[in-house]
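Counting along the sequence shown from 1, when you hit position 63 you're at 63 in UniProt numbering, and nothing is skipped either side. Just so it is clear, CB atoms sit at the ideal spot from N, CA and C, and this is done for glycine as well. Reading through the structure tokens given below for one structure.
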Amino acid sequence: MSPTGPDAIPDAGLFRTRPGNRRRLTPAAEAELARLATAGERSGWLSPLAYNLTISHSHRFVWYRVAKVATRTIRHHCEAHGVALDVDHAMRVRYPLAAFADYLAFAFVRDPLDRFVSAWHDKVVDHNYYDFDPATHERMQTVEEFARWTAAQDLSAVPGTDQHLTLQSRMIDLNRVDFVGRLETFDRDFAEVCERIGAPAVPTRPQNQTAPGGRDRQASAELRELVARMYRRDYQVFGYEPPA
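Here you go:
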């Protein structure tokens, strides 16, 4: 049901994505967000920034999806074990903070160098995701060239920067998140998430790893320096050691 007064907490169960369109909220949910936005920024109903969200009402969690960090694995696990995703794959959504105050908010991150190399291999080498012209796409087959191109972007801008390259620290509401797991310790950390949300914890390996990680290959000094500079905030926030 909808709030009955200006101070009523929005009903979390109202927020769902559309059947057949897992990226779009239902009309009722969109209307409620519009109503909350109209109430003004001073109301504090909505998160100041927008995030890519997956939400389960039955298991009471909010997952801040960070692209290139086991998103397919987590989603597959939920589907395989009967965890309903009421907000499935919403993109760039400001959400009502109070409505989800008692939901577990979690996210997963990975070493920024590994994540960048994985994004380059998947989105440039294997596909022309960024629609480079043929000559540019040929140049971008060198990871350092792609890093130079990426360094010219504002990686904190959402929307504005592709989700596969955006700062991980920008894709998570750091003021609200309860648990941040790491891809490097995925089985252990995801098992903890499953225990906390009441879902089966089955050891699994992250799917769709498209390339050896940056630290498992001979990354050039230039690539390491560019990634360390581009993702300085991620290294600081999540405690990864910057590439030397």
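So, residue i versus residue j, is the Cβ gap smaller than 9 Å?
i: Val-158; j: Tyr-51; result: yes
i: Phe-108; j: Phe-15; result: no
i: Leu-226; j: Ala-151; result: yes
i: Leu-183; j: Asp-114; result: yes
i: His-89; j: Arg-22; result: yes
i: Asp-102; j: Arg-60; result: yes
i: Val-143; j: Val-117; result: yes
i: Trp-149; j: Leu-97; result: no
i: Val-62; j: Tyr-95; result: yes
i: Pro-242; j: Ala-228; result: yes
i: Phe-106; j: Val-202; result: no
i: Asp-234; j: Ser-169; result: yes
Under a three-way DSSP split, which group does residue i fall into?
i: Phe-146; result: helix
i: Val-202; result: coil
i: Arg-94; result: coil
i: Val-158; result: coil
i: Pro-243; result: coil
i: Asp-122; result: helix
i: Ile-9; result: coil
i: Asp-88; result: strand
i: Tyr-51; result: strand
i: Leu-113; result: helix
i: Met-230; result: helix
i: Leu-165; result: coil
i: Leu-174; result: coil
i: Phe-238; result: helix
i: Ala-80; result: helix
i: Gln-209; result: At Gln-209, the pLDDT of 49 sits below 50, so the modelled position is not reliable and the matter cannot be decided from this model.
i: Ala-152; result: coil
How big is the Cα-Cα spacing for residue i and residue j?
i: Gln-236; j: Ser-47; result: 23 Å
i: Leu-49; j: Gly-198; result: 29 Å
i: Ala-99; j: Ala-221; result: 47 Å
i: Ser-156; j: Gln-163; result: 10 Å
i: Ser-2; j: Arg-75; result: Reliability of the predicted coordinates at Ser-2 is poor, the pLDDT of 45 falling under 50, and the value obtained from them is presented with this limitation in mind. For Ser-2 and Arg-75, the distance between alpha carbons rounds to 29 Å.
i: Pro-119; j: Asp-126; result: Contrary to the premise, residue 119 reads as Ala rather than Pro in this sequence. Rounded to the nearest angstrom, the two C-alpha atoms are 10 Å apart.
i: Asp-178; j: Glu-192; result: 12 Å
i: Arg-55; j: Arg-18; result: Reading off the sequence shown, one finds Ile at residue 55, where the question assumed Arg. If you take the alpha carbons of Ile-55 and Arg-18, they lie about 13 Å apart.
i: Pro-134; j: Arg-176; result: 43 Å
i: Thr-185; j: Asn-128; result: 31 Å
i: Gly-13; j: Gly-160; result: 30 Å
i: residue 259; j: Glu-32; result: Missing from the structure shown is residue 259; the chain here goes from 1 to 244 and no further.
i: Thr-73; j: Arg-92; result: 21 Å
i: Lys-68; j: Tyr-240; result: 17 Å
i: Ala-211; j: Glu-138; result: Caution applies to Ala-211, whose pLDDT of 43 falls short of 50 and renders its modelled position unreliable; the value that the coordinates give is listed next. Those two C-alpha atoms are separated by around 18 Å.
i: Thr-71; j: Asp-187; result: 14 Å
Return the Cβ separation of residue i and residue j in integer angstroms, given the expectation that the two are a contact with Cβ distance under 8 Å.
i: Leu-167; j: Tyr-231; result: 7 Å
i: Ala-80; j: Ser-58; result: Not confirmed; about 15 Å, so no contact.
i: Arg-224; j: Leu-104; result: Contact flag wrong, Cβ pair sits at about 35 Å.
What are the partner residues of residue i, as DSSP defines its beta bridges?
i: Asn-21; result: Arg-18
i: Phe-190; result: None, per the DSSP bridge assignment.
i: Gly-181; result: Phe-108
i: Tyr-64; result: Leu-53, Ala-107
i: Leu-46; result: Pro-96
Check the Cβ-Cβ distances between residue i and every residue of chain B, and say whether any is below 9 Å.
i: Ser-220; result: Among the chains in the structure shown there is no chain B, since it carries only a single protein chain.
Run the proximity test for residue i: is its beta-carbon closer than 8 Å to any non-hydrogen atom belonging to the ligand NAD?
i: Pro-10; result: You won't find the ligand NAD in this model; it holds no ligand whatsoever.
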